[in-house]
Amino acid sequence: MKQELDELKTEIRNLKKRIAGLEKDLDYQVHQSNKNDAVIMCIRELQEEVAKMANQPVAMLFTWLK
């Protein structure tokens, strides 16, 4: 019985470590997503400016990803 309890405690500790690691990974992914959104907005602004300079609609020069 004592051995089973020790095994369960060890398993719980390991699971807590894995959860903490997954939380860190999720935080990183959210951060990267926010950075990607900012980059996408900058690219779209550049595309719009290039289209103005070329006197062409943006859709004629670039394909926007959704």
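Residue numbers for the sequence shown, in my numbering: -13 to 52.
Where a beta carbon is used, it is the ideal one built from N, C-alpha and C, also for glycine.
In this text, all values refer to a predicted model and were calculated from it rather than measured experimentally.
### Message
Which same chain residues end up closer than 8 Å to V58 when comparing Cβ atoms and leaving out the 5 residues on each side of it in sequence?
### Response
There is no way to answer for residue 58, as the model of the chain reaches only from -13 to 52.
#### Entry: Secondary structure of M(-13), DSSP reduced to three states
coil
### Task
Note down the Cα distance separating E31 from Q42, rounded to an integer number of angstroms.
Distance between the alpha carbons of E31 and Q42 is about 15 Å.
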